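Number of protein chains: 2
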Amino acid sequence: MLATETVENYLKAIYLLQRDAAADEASMGKIAAALGVTAGTATSMVKKLVAARLARHERFGGVRLTTKGTRAALDILRRHRLVETFLVDTLGLDWSVVHDEAERLEHAISPMVLDALDRHLGRPAFDPHGDPIPRADGALQESEAMPMSELGSGDAARLVRVLDQRGDSLRFLRASGLKVGATLRVVAIEPGAGVMRIRPDGGSIVSMSTTAAARVLVRPTRSRH
Amino acid sequence: MLATETVENYLKAIYLLQRDAAADEASMGKIAAALGVTAGTATSMVKKLVAARLARHERFGGVRLTTKGTRAALDILRRHRLVETFLVDTLGLDWSVVHDEAERLEHAISPMVLDALDRHLGRPAFDPHGDPIPRADGALQESEAMPMSELGSGDAARLVRVLDQRGDSLRFLRASGLKVGATLRVVAIEPGAGVMRIRPDGGSIVSMSTTAAARVLVRPTRSRH
DNA sequence: CGCATAAGTTTGACGACTCAAACTCTAGGT
DNA sequence: ACCTAGAGTTTGAGTCGTCAAACTTATGCG
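Right, here's the structure in full:
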């Protein structure tokens, strides 16, 4: 029930790793890396999560959250994403810095403040990165989208979500005019170089690696050049 | 420099106790009580503050902050009071609950967020309780005011500050129409009972103990009945 | 197959913060 | 001057989260 701040961080990290993993479970090494902690520390914390019925784990195997653990992780994610939305929409901070700020604030938000914040922001469904904000009851509606890297040359699309939270990635995207909601068109793809060239509407052409483009999600628009 | 959350709490408590004390120093017992900790714990933490040049203390004597400690305490107080102002002005929470909420949030606010918050709120000089908000450079302008308990029968005054942060006290004041900025008149004083009777403008007469009234600060207005 | 390497686990230790309980000092009254 | 009640201090121990280093298991290469 009363998760410590550290436990909250583990739950959130495991949830996100689990979501991204093929096998739907988080490896100990990745958990440790995500939290900036040694593998031994992660092992012992996971042991504690298991004792609290928040996660399941068997020796040398992967980690996965229980229903209870998932519920807790979604609550933390909700706090995180609402705080990010607040920092951008209300305080006018740049989206490239809000992730780290929210990382600290998310643990200090009580249910009462959270609800007031939610109301103040107009109960938003998505944060500034396009990530869905879990609702108070734990419901989470992922938006339909595909990686920008899968677009073909000439395809037009709308940018709906940016998975990368790293400040420099976000600053690059903002500087290029590639923000959530923007429309764009693929000008060219150079598979050999692993690079695609993109033109945001009303901006100039930018090149980015297909691996970077894979972390940008888009929804294709009907128009085809 | 990098004060831990616990250290921040000690600094703030010592600052406030020192301000209220006649001898301008905080006793170990009161520090312990303010933090909900045993006397032994307070002694050892103060020892740590002294080692960090944040406070001065000699065995069996009082504790007082150094210049460095005072500067740090004012920074924490600034965060606390700006957060309170935000919770009331922007999120619309009741002033009787914001103290405890701010107590948690104040440690998670970075300088960048703090400044954005300050700008968003219009760089306020006072928080919802009428407490002055220290400025970023540490300047603190106390408002001139006297305890309501020192008014005489028939005196009129404007309520400028409430020192008590306890939720039930604040709920009583709000319910009575006694909020910061309200004008009022002393209807009667009954020294024997230790009670004074107050009529807020546009409200009905309320009784309160002179000890409670001493924690409410007012500025007398020229009009005399 | 066998074994080296990567991944995971265990162990012992530490720093931060806390308590309970034993101990010491200070101050006030007679 | 004394002596005691109350305030303050010290000590020993415990919890939480962490690390480094020794150890164990799983796996994939040759």
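Protein chains in written order, with the working numbering: chain C, 1112 to 1336; chain W, 1112 to 1336.
We put the CB at the ideal spot given by N, CA and C, even for glycine.
This one's a predicted model, so the numbers in the text were calculated from it and none came from an experiment.
Residues of chain C with a CB under 8 Å from the CB of residue i: which are they?
i, result
"W:V1224", "L1198, L1202, L1204, E1212 and L1216"
Which residues mark the beginning and the end of the alpha helix (DSSP H) in which residue i is found?
i, result
"W:R1230", "P1222 to H1231"
"C:D1131", "E1116 to D1131"
"C:R1285", "G1278 to S1287"
"C:L1204", "Careful: C:L1204 lies outside any alpha helix (DSSP H) and carries neither H nor E."
"C:V1291", "Unbroken run through C:V1291: none, as it is neither H nor E."
"C:M1139", "M1139 to L1146"
"W:G1151", "A1150 to A1162"
Here's the rule: buried if 16 or more other CB atoms are within 10 angstroms of the residue's CB, otherwise exposed. What is residue i?
i, result
"W:D1242", "buried"
"W:D1248", "exposed"
"W:R1277", "exposed"
"C:A1134", "exposed"
"C:R1230", "exposed"
"C:S1287", "buried"
"W:A1153", "buried"
"C:R1333", "exposed"
"W:R1190", "buried"
"W:F1197", "buried"
"C:A1324", "buried"
"C:S1315", "exposed"
"C:K1123", "buried"
"C:A1250", "exposed"
"C:A1236", "exposed"
"C:R1296", "buried"
"C:A1183", "buried"
Strictly under 8 Å for the Cβ-Cβ distance: is residue i near chain C by that measure?
i, result
"W:S1207", "no"
Which chain C residues sit within Cβ distance under 7 Å of residue i?
i, result
"W:L1228", "L1202"
Could you check where the beta strand (DSSP E) with residue i kicks off and where it finishes?
i, result
"C:H1191", "Where C:H1191 is concerned, there is no enclosing beta strand (DSSP E), although the alpha helix (DSSP H) it sits in stretches over T1178 to D1200."
"C:S1318", "V1317 to S1320"
"W:V1306", "V1306 to P1311"
"W:T1294", "T1294 to E1301"
"C:A1268", "D1266 to V1273"
"C:A1166", "A1166 to H1168"
Give the interface partners of residue i over in chain W, defined as CB-CB distance under 7 Å, in chain order.
i, result
"C:H1231", "T1201 and L1202"
Report the neighbours of residue i on chain W: residues whose CB is nearer than 8 Å to its CB, in chain order.
i, result
"C:A1219", "R1215, L1216, H1218 and A1219"
Got a sec: does the ligand COA put a non-hydrogen atom nearer than 7 Å to the Cβ of residue i?
i, result
"W:T1201", "Of the ligands one can find in the structure shown there are none, so the ligand COA has no counterpart to examine."
Look at the Cβ atom of residue i, then the Cβ atom of residue j, and state whether they are nearer than 8 Å.
i, j, result
"C:R1192", "C:I1244", "yes"
"C:L1328", "C:L1274", "yes"
"W:V1199", "W:V1209", "yes"
"C:A1166", "C:G1151", "no"
"C:V1291", "C:V1271", "yes"
"C:V1174", "C:I1142", "yes"
"W:S1264", "W:I1300", "yes"
"C:I1187", "C:E1212", "no"
"C:A1114", "C:L1128", "no"
"C:P1331", "C:D1266", "yes"
"W:M1156", "W:Y1126", "no"
"C:W1206", "C:P1239", "yes"
"C:G1305", "C:T1294", "no"
"C:A1227", "W:L1204", "yes"
"W:R1282", "W:V1298", "no"
"C:R1215", "W:A1219", "yes"
"C:L1185", "C:V1118", "no"
"W:A1256", "W:L1262", "no"
Kindly say whether residue i, judged by its beta-carbon, lies nearer than 8 Å to any beta-carbon of chain W.
i, result
"C:E1119", "no"
"C:H1336", "Here C:H1336 scores only 49 on pLDDT, less than 50, and its place in the model is too uncertain to base an answer on."
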